[in-house]
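K.L.:
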Amino acid sequence: MSDHNTSPSNPTITDPYHHLQIIPNPDGTITRDPNRFPNSSPSPDSTNPTPVLSKDMIINRSKKTWVRMFLPSQTIVDSSSTNKLPLVVYFHGGGFINCSASSTVFHDFCSNMVLDLHVVIVSVDYRLAPEHRLPAAYDDAMEVLRWIKTTQEDWLRGYVDYTRCFIMGSSSGANTACHAGLCASQEADNLVPLKIKGLILHHPFIGGVKGLGQR
Numbered sequence: 001m002s003d004h005n006t007s008p009s010n011p012t013i014t015d016p017y018h019h020l021q022i023i024p025n026p027d028g029t030i031t032r033d034p035n036r037f038p039n040s041s042p043s044p045d046s047t048n049p050t051p052v053l054s055k056d057m058i059i060n061r062s063k064k065t066w067v068r069m070f071l072p073s074q075t076i077v078d079s080s081s082t083n084k085l086p087l088v089v090y091f092h093g094g095g096f097i098n099c100s101a102s103s104t105v106f107h108d109f110c111s112n113m114v115l116d117l118h119v120v121i122v123s124v125d126y127r128l129a130p131e132h133r134l135p136a137a138y139d140d141a142m143e144v145l146r147w148i149k150t151t152q153e154d155w156l157r158g159y160v161d162y163t164r165c166f167i168m169g170s171s172s173g174a175n176t177a178c179h180a181g182l183c184a185s186q187e188a189d190n191l192v193p194l195k196i197k198g199l200i201l202h203h204p205f206i207g208g209v210k211g212l213g214q215r
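All letters in the sequence shown, in the order written, are residues 1 to 215 by the UniProt record's numbering.
(1) How many whole angstroms separate the CB atoms of L191 and A180, which I take to be in contact at a CB cut-off of 8 Å?
(2) Spatial neighbours of C99 within its chain, please: CB distance less than 7 Å, with the 5 preceding and 5 following residues excluded, ordered by chain position.
(3) Would you mind stating whether Y90 and I121 have Cβ atoms separated by less than 8 Å?
(4) How would you write the range of the beta strand (DSSP E) that G198 sits in, first residue to last?
(5) Distance check for V114 and Y138, CA to CA, integer angstroms please.
(6) Using DSSP with H/G/I as helix, E/B as strand and the rest coil, what is T151?
(7) Considering only residues of the same chain and omitting the five flanking positions on each side of N175, which have a CB-CB separation below 6 Å?
(8) Ends of the beta strand (DSSP E) at Y162?
(9) Tell me which residue opens and which closes the alpha helix (DSSP H) that P16 is part of.
(10) According to DSSP, is V124 part of a helix, a strand, or is it coil?
(11) Identify whether I76 lies in helix, strand or coil by the three-state DSSP scheme.
(12) Can you give me the start and stop residues for the alpha helix (DSSP H) that T104 sits inside?
(13) Quick check: what's the CA-CA separation for V144 versus D15?
(14) Within its chain, find whatever has a CB closer than 6 Å to the CB of T29; leave out the 5 residues flanking it on each side and keep chain order.
(15) Between S123 and N39, which are expected to be in contact by the criterion C-beta below 8 Å, what is the C-beta distance as a whole number of angstroms?
(16) Name the two residues that bound the continuous beta strand (DSSP E) containing D56.
(17) Do M69 and W155 have their CB atoms nearer than 8 Å?
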């Protein structure tokens, strides 16, 4: 019999702060590396030769929440058309602690969706943990849905079919999207004319009270 030790080797311990490139501060906040997730600026000028227009709108000044809207530029060119577009309310990923609606990876993702699907997208910049722990992001999600219902913003009122709204998110954003969908179903009458037709959960990051064990 071999004398070789077949017992598992000691697991490698990784510092999560180092792995995520964040620095914890004594007051409970974290310092994020601004170079890890570069940002993109919106392109609201319809005279620019870009296939997708985008612009930012403030939702809540005190909470510093806002949205970035994406619209096919051809929609403005064909403004005489009576065919309005579906709406996708999108929540970015980032583990609840990183990224924003302006992060290039999510800005480009939304732009590509607009081109491929011919929809209008409202990408939500919600509050991040640990500075704002859950349910802060959930509350921000519902505030955006209520804002969409009441706002007179021209891109939404002019080009969106409010009866065809989908809530979507990536990773941790899919978690927020799922929660928003459940909450929206409970106050559907209060969101009229907004009608949620479905959820799109992209690589959802969702936990539960009871673990599933090793898989």
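Cβ atoms here follow ideal geometry from the backbone N, Cα and C, with glycine treated the same way.
Source: prediction; values computed, not measured.
P.N.:
Taking the coordinates as given:
(1) No, L191 and A180 are not in contact; Cβ-Cβ is about 11 Å, not under 8 Å.
(2) Around C99: F37, H92, G93 and F106.
(3) In this structure, Y90 lies near I121, with their beta-carbon atoms less than 8 Å apart.
(4) First-last of the beta strand (DSSP E) with G198: I196 to H202.
(5) Those two C-alpha atoms are separated by around 25 Å.
(6) The three-state secondary structure of T151, taken from DSSP, is coil.
(7) Spatial neighbours of N175 in its own chain (CB-CB distance under 6 Å, excluding positions within 5 residues in sequence) are listed in chain order as F205 and I206.
(8) Residues V160 to S170.
(9) It spans P16 to L20 - the alpha helix (DSSP H) in which P16 sits, taken as one unbroken run.
(10) Note: V124 maps to strand in three-state DSSP.
(11) If DSSP states are grouped into helix, strand and coil, I76 belongs with the helices.
(12) Run containing T104: T104 to L117, per the alpha helix (DSSP H) assignment.
(13) V144 and D15: Cα-Cα distance of roughly 35 Å.
(14) Within the same chain, E131 come within 6 Å of T29 by CB-CB distance, once the 5 residues on both sides are set aside.
(15) Approximately 13 Å separates the beta-carbon atoms of S123 and N39; this is outside 8 Å, ruling out the contact.
(16) According to the DSSP assignment, D56 belongs to the beta strand (DSSP E) that extends over V52 to N60.
(17) In contact: M69 and W155 (Cβ atoms closer than 8 Å).
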